[in-house]
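J.:
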Amino acid sequence: MRRTVPKKEPSQKEPTAPSFEQALSELESLVETLERGDLTLEDSLKSFERGVALTRTCQMALKEAEQKIQILTDQRVDAEPEPFDRDN
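Numbered by the UniProt record's numbering, the letters in the sequence shown go through residues 1 to 88 in order.
1. Decide if Ala23 is buried, meaning its Cβ has at least 16 other Cβ atoms within 10 Å, or exposed.
2. Taking 8 Å as the cut-off, does the region 49 to 57 touch the region 21 to 40 (at least 3 CB pairs, one atom from each stretch)?
3. Straight-line CA distance for Ala65 to Thr16?
4. Terminal residues of the continuous alpha helix (DSSP H) containing Phe20?
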């Protein structure tokens, strides 16, 4: 018997990752809010969790940019891009 995967509705778009600049700006705002200390413990934990996700987004964007720069500045004619490991 063949299984079919239900199609997503066009309105159910997967959230896209913010740009580096957007993530950094939101992260800076979260840090300021957490440093004020006026959040509840639950809200602080939610903000911290969001901050960790934003940090990972920024780190991934920086790694990708670094790899592109290395490729562009490589003097070898046969230089090839290496697969990017998004998990590290």
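Think of the CB as a built atom: it goes at the ideal place given N, C-alpha and C, for glycine as much as any other residue.
T.: On the basis of the coordinates in this document:
1. buried
2. Remark: three or more beta-carbon pairs, one from each stretch, lie closer than 8 Å, so the region 21 to 40 and the region 49 to 57 are flagged as touching.
3. 18 Å
4. 20 to 36
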